[in-house]
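Numbering (my numbering), first residue to last: 3 to 306. Comments concern the structure below.
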């Protein structure tokens, strides 16, 4: 029930932002058009936002035959969590990261990047997968996916308001709009509001998913080590990611961008690692290391 309420509140808040942006850009008529669009977007985001996000990152679904180790690992963890077997996708990017999506456990999807499989050892990959299954088990994947879709729409409207202000558009106060000053204000406030909503729904759920992962694997160190490697790699290997979807990933894919750090959608990695290990947070990250041995044990799931 908790996440159903969160989803309803999220849709309401972001819908109000969209309608407000429509009024600023087009007055009373713009507000009505924005309300209709918001209704359509709410329907679309509930049923199709997961497919949209997967397509955005060119995620490719893999089968048991294509990725036997990865598939077996997800199958084992899903069984422990009492979840239906989710779809498994690989994102063709070298930046290590992962996310889960879907409107409910029956439509769950776990997506990992190629770079994560290249960087992590089996126990670390298992920890990451357990974290994403934790999001599915805790039923917060719908909240995150809907937020990504609507936040992206708000940022698009803010961009439209910015261009309208530059070229002297917008309805005057007499026509029901807010004029050029309203356009400028909306172009600044709307994306900040969307980011604040993302932050509000993201930080607490990351800690909860970390705790769930530790329970599912029985080995908190696997996820702790993975988070350290992800943190160290974020500044070296930038990810081609959209700000509207940043909150969906296990670690912030925009952490290498200074402005994005001001509105981080994730709690600090040091604090997450400390909670998993039961220690005080450290300010220095670990050095990423690949799996030991002469060959990478994940070659079979990369299609090599």
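Just so you know, even glycine gets a beta-carbon here, dropped at the ideal spot from N, CA and C. In this text the structure is predicted, and so the values were computed from the model without any measurement.
Next on the checklist: If distances are taken between C-alpha atoms only, which option among 42, 145, 133 and 85 comes closest to residue 101?
Outcome noted: 133
Next on the checklist: residue 117 and residue 228 - do their beta-carbons sit closer together than 8 Å?
Outcome noted: no
Item to check | the segment 102 to 121 contacting the segment 139 to 146, beta-carbon criterion three pairs below 8 Å | outcome: yes
Item to check | Where residue 111 falls: helix, strand or coil (DSSP) | outcome: strand
Next on the checklist: If contact is defined by three or more beta carbon pairs under 8 Å, each pair taking one atom from either stretch, is the segment 230 to 239 in contact with the segment 91 to 98?
Outcome noted: yes
Next on the checklist: Alpha carbons only, please: which of 85, 75 and 82 is nearest the one belonging to residue 119?
Outcome noted: 75
Next on the checklist: Which of the three DSSP states is assigned to residue 211 in this structure?
Outcome noted: helix
Next on the checklist: Using DSSP's beta-bridge definition, name the partner residues of residue 102.
Outcome noted: 112
Next on the checklist: On the DSSP bridge list, what partners appear for residue 92?
Outcome noted: 62 and 114
Checklist entry - Out of curiosity, what's the CA-to-CA distance linking residue 111 and residue 80? => result 12 Å
Next on the checklist: In the DSSP assignment, the alpha helix (DSSP H) including residue 133 goes from what residue to what residue?
Outcome noted: 124 to 139
Checklist entry - In terms of residues, what are the limits of the alpha helix (DSSP H) holding residue 236? => result 222 to 236
Checklist entry - With respect to the alpha helix (DSSP H) encompassing residue 269, which residues constitute its N-terminal and C-terminal limits? => result Looking at the DSSP string, residue 269 is not in any alpha helix (DSSP H), and its letter there is neither H nor E.
Checklist entry - Taking C-alpha atoms, which residue in 17, 255 and 11 lies nearest to residue 59? => result 255
Next on the checklist: Quick test of the definition: if touching needs 3 or more C-beta pairs under 8 Å, does the segment 54 to 68 touch the segment 211 to 222?
Outcome noted: no
Item to check | Limits of the alpha helix (DSSP H) - the one that residue 256 falls within | outcome: No alpha helix (DSSP H) holds residue 256; DSSP gives it neither H nor E.
Checklist entry - In angstroms, rounded to a whole number, what distance separates the CA positions of residue 126 and residue 226? => result 8 Å
Item to check | The alpha helix (DSSP H) enclosing residue 75, as first and last residue numbers | outcome: 70 to 83
Checklist entry - Closest by CA to residue 234, which one among 124, 56, 253 and 223? => result 253
Item to check | Minimum C-alpha distance to residue 271 - residue among 245, 279 and 230 | outcome: 230
Checklist entry - Would a C-beta distance cut-off of 8 Å place residue 108 and residue 124 closer than the cut-off? => result no
Checklist entry - Which one or two residues does DSSP pair with residue 251 in a beta bridge? => result 101
Next on the checklist: Does residue 281 pass the burial test, meaning 16 or more other C-beta atoms within 10 Å, or should it be called exposed?
Outcome noted: exposed
Item to check | Top-ranked residue by Cα proximity to residue 36, from 20, 55 and 15 | outcome: 20
Next on the checklist: By alpha-carbon positions, which one of 247, 208, 243 and 249 ends up nearest to residue 278?
Outcome noted: 208
Checklist entry - When burial is assigned at 16 or more other CB atoms within 10 Å of the CB, is residue 131 buried or exposed? => result buried
Item to check | Spatially closest choice to residue 137 from 17, 250 and 15, by CA coordinates | outcome: 250
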